[in-house]
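A short worksheet on the structure shown next.
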Amino acid sequence: MRIGTFKESYASDAALFDSRTQHVWLGIAAALLLAFPFVASDYWLYLACLIAINVASSTGLNILTGYTGLVSLGQAAFMGLGAYTVAILQARWGTPLLFNLLAGGFVAMLGGMVVGIPSLRVKGLYLAIVTIAASFIAHFFFANLKITGGTAGLSMQPGQVLGVVLDTSFRLYWLIVPITVLMLLGAANLFRTRIGRAFIAIRDRDISAEVLGIPLLQYKLLSFGLSSFYAGVAGGLWAYFFRVVTPESFPLSMSIFFLAAIIVGGMGSILGGVLGAVFMTLVPEVLKLIVDVLPGSADLTVFLSPVRLVIFGALIVGFLVFEPLGLAEMWRRTRRFFHLWPFRN
Amino acid sequence: MDWAYLFEISLTGIASGGLYALAALAFVMVYKATRVVNIAIGEMLMAGSYLFFTFAAMWALPLWLAIPAAVLASGLLGAIIERTMIRPLLGEPPISAFMVTVGLGSILVGLVEMIWSADQRRLPDFMPTKPIMIGEAFLAPKVFWGAVIAAVFIAAVLLVFRHWRGGVALRATASDQGAAYSVGINVPRVFSLAWVASAMLAAVSGIIVGSIGGISSSMGVFGLSVLVVVIVGGLDSVLGALVAGVLVGLVEALAGAYLGGEYKLLATFIVLVAILMARPYGLFGTREIERL
Numbered sequence: 013m014r015i016g017t018f019k020e021s022y023a024s025d026a027a028l029f030d031s032r033t034q035h036v037w038l039g040i041a042a043a044l045l046l047a048f049p050f051v052a053s054d055y056w057l058y059l060a061c062l063i064a065i066n067v068a069s070s071t072g073l074n075i076l077t078g079y080t081g082l083v084s085l086g087q088a089a090f091m092g093l094g095a096y097t098v099a100i101l102q103a104r105w106g107t108p109l110l111f112n113l114l115a116g117g118f119v120a121m122l123g124g125m126v127v128g129i130p131s132l133r134v135k136g137l138y139l140a141i142v143t144i145a146a147s148f149i150a151h152f153f154f155a156n157l158k159i160t161g162g163t164a165g166l167s168m169q170p171g172q173v174l175g176v177v178l179d180t181s182f183r184l185y186w187l188i189v190p191i192t193v194l195m196l197l198g199a200a201n202l203f204r205t206r207i208g209r210a211f212i213a214i215r216d217r218d219i220s221a222e223v224l225g226i227p228l229l230q231y232k233l234l235s236f237g238l239s240s241f242y243a244g245v246a247g248g249l250w251a252y253f254f255r256v257v258t259p260e261s262f263p264l265s266m267s268i269f270f271l272a273a274i275i276v277g278g279m280g281s282i283l284g285g286v287l288g289a290v291f292m293t294l295v296p297e298v299l300k301l302i303v304d305v306l307p308g309s310a311d312l313t314v315f316l317s318p319v320r321l322v323i324f325g326a327l328i329v330g331f332l333v334f335e336p337l338g339l340a341e342m343w344r345r346t347r348r349f350f351h352l353w354p355f356r357n
Numbered sequence: 006m007d008w009a010y011l012f013e014i015s016l017t018g019i020a021s022g023g024l025y026a027l028a029a030l031a032f033v034m035v036y037k038a039t040r041v042v043n044i045a046i047g048e049m050l051m052a053g054s055y056l057f058f059t060f061a062a063m064w065a066l067p068l069w070l071a072i073p074a075a076v077l078a079s080g081l082l083g084a085i086i087e088r089t090m091i092r093p094l095l096g097e098p099p100i101s102a103f104m105v106t107v108g109l110g111s112i113l114v115g116l117v118e119m120i121w122s123a124d125q126r127r128l129p130d131f132m133p134t135k136p137i138m139i140g141e142a143f144l145a146p147k148v149f150w151g152a153v154i155a156a157v158f159i160a161a162v163l164l165v166f167r168h169w170r171g172g173v174a175l176r177a178t179a180s181d182q183g184a185a186y187s188v189g190i191n192v193p194r195v196f197s198l199a200w201v202a203s204a205m206l207a208a209v210s211g212i213i214v215g216s217i218g219g220i221s222s223s224m225g226v227f228g229l230s231v232l233v234v235v236i237v238g239g240l241d242s243v244l245g246a247l248v249a250g251v252l253v254g255l256v257e258a259l260a261g262a263y264l265g266g267e268y269k270l271l272a273t274f275i276v277l278v279a280i281l282m283a284r285p286y287g288l289f290g291t292r293e294i295e296r297l
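So the sequences go chain by chain: L and F.
Heads up: take any position in the first sequence, counting from 1, add 12, and you land on the numbering used here.
Heads up: take any position in the second sequence, counting from 1, add 5, and you land on the numbering used here.
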C-alpha cells in the first residue's frame with residue numbers, strides 16, 4: 013500500500029520504474045514470464061510468441077507515430093524487409109541467428125530511412141499515404157525479385173543458438189520473449205534521453221522544435237530508422253517463428269493492425285503499445301473460443317472472419333471516440349485510484 | 006511502336022480516369038468541408054454498389070427505382086457515419102479522424118461479408134452493349150458509358166455546388182469555418198451535408214465500377230487508386246481531382262498494357278512519390294503556411 017508520491021531527488025523523479033510497489037509487480041511479472049512456458053500448453057506458447065513479436069513491432073511504430081507524430085502505414089513492409097533479410101541469410105549462407113536478426117533490423121532501418129526522406133517536405137496525412145506507397149513498392153519487389161523467391165517466397169531451416177535447434181514454440185519462446193523485453197526496455201529508456209525528448213518536441217509542434225535547435229530532418233529520419241529497426245527485428249523473429257516468408261505475409265492490413273494496436277493501447281506510451289498489441293492479438297482468439305462454446309457453432313464459423321473485421325473496426329472507432337488515450341489511460345486511472353484510495357475515488 | 010494500340014489504351018485509361026475523378030470528387034467534398042481524410046472511400050463505394058445489388062438483383066426492383074434507392078440509402082449511411090463517428094471527434098487532431106475512417110473501412114468490409122458473403126457478384130446490366138469505335142480505336146462499351154455518366158455527374162455536382170444555397174454554404178465553410186459560423190451558416194449541418202453528398206457520389210461511382218468489373222468485398226482496393234488521385238491532385242482541390250483522375254487512369258492503363266498488370270499500382274505509386282517530392286501539397290493543393 014502506498015499513498016501518493018513523494019520524491020526527494022531528481023534521480024528518483026526520472027527513474028524508469030518509480031516506486032517499490034512497481035518493482036515488486038515487475039518482479040512478479042518477470043517471474044510469471046519465466047514460469048509460463050513450463051505450465052502452458054503448446055497453443056498458448058504459440059500465442060505468447062506471436063504476441064511478443066507483435067509487441068516488438070507495435071512498440072517500434074509507437075516510437076514513430078506515438079512519440080514523433082509521424083503516421084506510418086508501412087510497418088508491415090519494414091517487418092517484411094527484416095523477415096526477407098533473415099530468410100535469405102539463413103537459407104543461403106546459414107549465418108548465425110543473432111547476426112541475422114541484427115542484419116534484418118539494419119536492412120529495415122535503411123529502408124525506413126529511405127521512406128523517411130520525404131518526411132521533411134511532406135507532412136501529416138500526405139506522409140501516411142507515402143508510407144502506403146512504400147509498402148506497395150516493397151511488396152512489388154518481394155514478389156518479383158529473384159533473390160526473394162518470387163510469389164512462392166522462401167522457406168528456411170529452423171534457427172540455431174549455441175547448438176540448440178529452435179524448432180518448437182517452447183524453445184522459440186526463450187529467443188523471442190527476451191529479445192522483446194530488451195527492446196521494450198530500450199524504448200522506455202529512449203524517452204529519458206535527449207533523442208527521445210527531441211522526438212516528443214517534434215510531435216508536439218515541429219516548427220517550435222526546429223526553433224529550439226532540433227535538426228528536423230535528422231531526427232525524423234532517426235525516428236523512422238529506429239521504428240523500422242524494431243519492425244525489422246520483429247520481422248526476423250517472425251521469420252524464425254513461421255519459417256516461411258511470402259510476399260502475402262506482410263499485407264497492408266497488417267500495418268493497419270499495428271496502427272490499431274497502438275490506438276487501442278494508447279499512443280505515446282510504451283505500456284500502451286504492449287497492452288494494445290496483447291489485446292489486439294487476443295481478440296480474434298477470444299472470438300474463436302466464444303464461437304466454439306456457442307451452440308450451432310458450425311454455422312457461426314462462416315461468420316467468424318467478417319465478425320472479426322467488424323469488431324476490429326469497431327474497436328478502433330470506439331477507442332478513438334470514447335477513450336482516445338487508450339488502454340494505457342484506463343490503467344493509469346486504476347493506478348491512481350489505488351494511490352489515493354481511502355481519500356478520493 | 007503501334008500508334009493505334011497506344012491510342013486505344015490511352016482512351017481506355019482516360020475513360021477509367023473519369024471514374025477515379027468522380028470518386029475523388031466524393032473524397033474532396035468531405036475533405037474540404039470537414040478536413041477529414043476519408044481513407045474508407047473505397048469501402049463506401051462498395052457499400053453503395055452492394056445496396057444497388059440488393060435492390061436491383063435481390064428485390065428485383067426496376068432500374069429507375071433501384072438506382073435512386075441505392076443512392077438515397079447510401080446518403081443515409083453517410084449521415085449515420087457522420088453523426089456517430091465524425092461529429093464526436095470535432096476539434097480532435099486530424100490524425101484521429103483519419104484513423105476512425107480506417108476503422109470504418111474495416112467495419113464496412115466486415116458487414117458486407119456478413120450480409121452478402123465475400124463472393125464475387127455480378128450487377129445487372131443496364132448500359133448499352135454496342136461496341137464503341139472512336140476512329141480506329143475500340144473502346145469497351147461499359148467503360149465508355151461509365152465515363153460518360155461520370156462526366157455528367159461531375160458536371161452536375163460542380164454546377165449544383167456553385168449555385169445551390171447548400172453548395173454555397175459548403176464552400177463558405179470550406180474556406181473559413183469561423184467566418185461561416187458568424188454569418189449564420191449552420192456548420193455542423195454543413196458537415197452532415199458534405200458526408201451525405203459524398204456518400205451519394207461514392208454510391209454512384211460504386212454502381213458504375215461494380216457494373217464494369219463486378220462487385221466483391223475486396224472492391225475497396227479501388228479506393229487506394231482514388232487516394233493516389235486525390236493526393237496527386239492536392240487534397241482540397243476539385244480541379245486537382247479531375248486532372249489527377251485522368252492522369253492516374255492513363256498511367257495505370259499504360260503501365261498495365263506495356264509492362265503487365267502487376268505494374269499498375271507500382272507505377273501509380275511511383276508517380277505519387279515523384280509528384281509529392283516536387284510538390285508536397287499535390288499538383289493543385291493549397292500550400293499551408295505554418296507559423297508559430
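Cβ atoms here follow ideal geometry from the backbone N, Cα and C, with glycine treated the same way.
Note to self: Give me the chain F residues within the contact set of residue 51 of chain L, using Cβ-Cβ distance strictly less than 9 Å, ordered along the chain.
What the structure shows: The contacting residues do not exist; residue 51 of chain L stays about 35 Å from chain F at best.
Next item on the list: State yes or no: is the C-beta of residue 49 of chain L within less than 7 Å of the C-beta of residue 185 of chain L?
Entry: Contact flag set, yes.
Note to self: Give me the chain F residues within the contact set of residue 220 of chain L, using Cβ-Cβ distance strictly less than 8 Å, ordered along the chain.
What the structure shows: Close partners of residue 220 of chain L in chain F (Cβ separation under 8 Å): 297.
Notebook entry, point to check: Just the Cα atoms here: how many angstroms apart are residue 359 of chain L and residue 19 of chain F?
Noted result: In the structure as shown, chain L starts at 13 and stops at 357, and residue 359 of chain L therefore has no counterpart that could be examined.
Next item on the list: Would you list the one or two residues that DSSP bridges to residue 220 of chain F?
Entry: Answer is F:126.
Checklist line | Neighbourhood of residue 202 of chain F by C-beta, 7 Å cutoff - its chain only, sequence neighbours within 5 removed | finding: 34
Check: At a Cβ threshold of 7 Å, is residue 219 of chain F touching chain L?
Finding: no
Next item on the list: Determine, using beta carbons only, whether residue 166 of chain L and residue 257 of chain L come nearer to each other than 7 Å.
Entry: For residue 166 of chain L and residue 257 of chain L, yes; Cβs fall inside 7 Å.
Check: Just to confirm, are residue 137 of chain F and residue 144 of chain F a CB contact at a threshold of 7 Å?
Finding: yes
Next item on the list: Would you kindly work out how many angstroms separate the C-alpha atoms of residue 108 of chain F and residue 211 of chain F, rounded to a whole number?
Entry: 20 Å
Note to self: For the structure I just gave you, are there three or more beta carbon pairs, one from the region 213-228 of chain L and one from the region 84-99 of chain L, closer than 8 Å?
What the structure shows: The answer is no - the region 84-99 of chain L does not touch the region 213-228 of chain L, with fewer than three Cβ pairs under 8 Å.
Check: Just curious, the beta strand (DSSP E) that residue 139 of chain F is in, first and last residue?
Finding: 137-139
Margin query: Any beta carbon from chain F within less than 7 Å of residue 137 of chain L's own beta carbon?
Written below: Using a Cβ-Cβ cut-off of 7 Å, residue 137 of chain L counts as an interface residue toward chain F, since at least one Cβ of chain F sits closer than that to its own.
Next item on the list: Have a look at F:101, F:113, F:30 and flag the residue whose alpha-carbon is nearest the alpha-carbon of residue 308 of chain F.
Entry: With chain F covering only 6 through 297, there is no way to say anything about residue 308 of chain F.
Next item on the list: Just the chain F side, please: which residues come within less than 9 Å of residue 332 of chain L by C-beta, in chain order?
Entry: Taking the beta carbon of residue 332 of chain L as reference, the chain F residues within 9 Å of it are 90, 93, 94, 97, 101, 102, 104, 105, 108, listed in sequence order.
Next item on the list: Run down chain F in chain order and give the residues with a C-beta less than 7 Å from the C-beta of residue 145 of chain L.
Entry: 274, 277, 278
Notebook entry, point to check: Which residues in the same chain as residue 179 of chain L place their Cβ atom closer than 7 Å to its Cβ, once the five residues preceding and following it in sequence are excluded?
Noted result: 170
Margin query: Once DSSP output is grouped into helix, strand and coil, what is the label at residue 197 of chain F?
Written below: Annotated three-state conformation of residue 197 of chain F is helix, per DSSP.
Note to self: Check for me: the alpha helix (DSSP H) holding residue 158 of chain F runs from which residue to which?
What the structure shows: 146-168
Next item on the list: Please name the residue in L:137, L:272, L:211, L:109 whose C-alpha comes closest to that of residue 321 of chain L.
Entry: L:272
Next item on the list: Kindly say whether residue 212 of chain F, judged by its beta-carbon, lies nearer than 7 Å to any beta-carbon of chain C.
Entry: Structure shown: chain C not included; protein chains present are L and F.
Notebook entry, point to check: Is the CB-CB distance between residue 70 of chain L and residue 274 of chain L below 7 Å?
Noted result: yes
Item checked: Backbone CA spacing between residue 273 of chain F and residue 256 of chain F [nearest angstrom] -> Residue 273 of chain F and residue 256 of chain F have their alpha carbons spaced roughly 7 Å apart.
Next item on the list: Helix, strand or coil for residue 248 of chain F, going by three-state DSSP, please let me know.
Entry: helix
Checklist line | Of the residues L:291, L:84, L:63, the one placed nearest residue 268 of chain L, counting alpha carbons only | finding: L:84
Notebook entry, point to check: Hey, out of F:230, F:9, F:30, whose CA is closest to residue 162 of chain F's CA?
Noted result: F:30
Next item on the list: State yes or no: is the C-beta of residue 45 of chain F within less than 7 Å of the C-beta of residue 151 of chain F?
Entry: no
Next item on the list: Report yes or no: is there a C-beta of chain L within less than 7 Å of the C-beta of residue 115 of chain F?
Entry: Taking Cβ atoms only, chain L reaches closer than 7 Å to residue 115 of chain F, which makes this a yes.
Next item on the list: Work out the CA separation of residue 204 of chain L and residue 37 of chain L for me, nearest whole Å.
Entry: Between residue 37 of chain L and residue 204 of chain L, the C-alpha separation is close to 22 Å.
Check: How big is the Cα-Cα spacing for residue 41 of chain L and residue 53 of chain F?
Finding: If I take the Cα positions, the gap works out to 50 Å.
Margin query: Which residues in chain F have a C-beta closer than 8 Å to the C-beta of residue 321 of chain L? List them in chain order.
Written below: Listed along the chain, the chain F residues whose CB falls inside 8 Å of the CB of residue 321 of chain L are 111, 112, 114, 115, 118.
Check: Which one of F:192, F:158, F:181 has the shortest CA to CA distance from residue 171 of chain F?
Finding: Comparing alpha-carbon positions, the option among F:192, F:158, F:181 lying closest to residue 171 of chain F turns out to be F:192.
Margin query: Can you tell me which residues form a DSSP beta bridge with residue 143 of chain F?
Written below: F:138
Check: Of all the CB atoms in chain F, is at least one closer than 7 Å to the CB of residue 318 of chain L?
Finding: Yes, residue 318 of chain L counts as interfacial toward chain F.
Margin query: Considering only DSSP beta bridges, list what residue 256 of chain L is partnered with.
Written below: L:167
Next item on the list: State the DSSP-derived secondary structure class of residue 176 of chain L, mapped to helix, strand or coil.
Entry: strand
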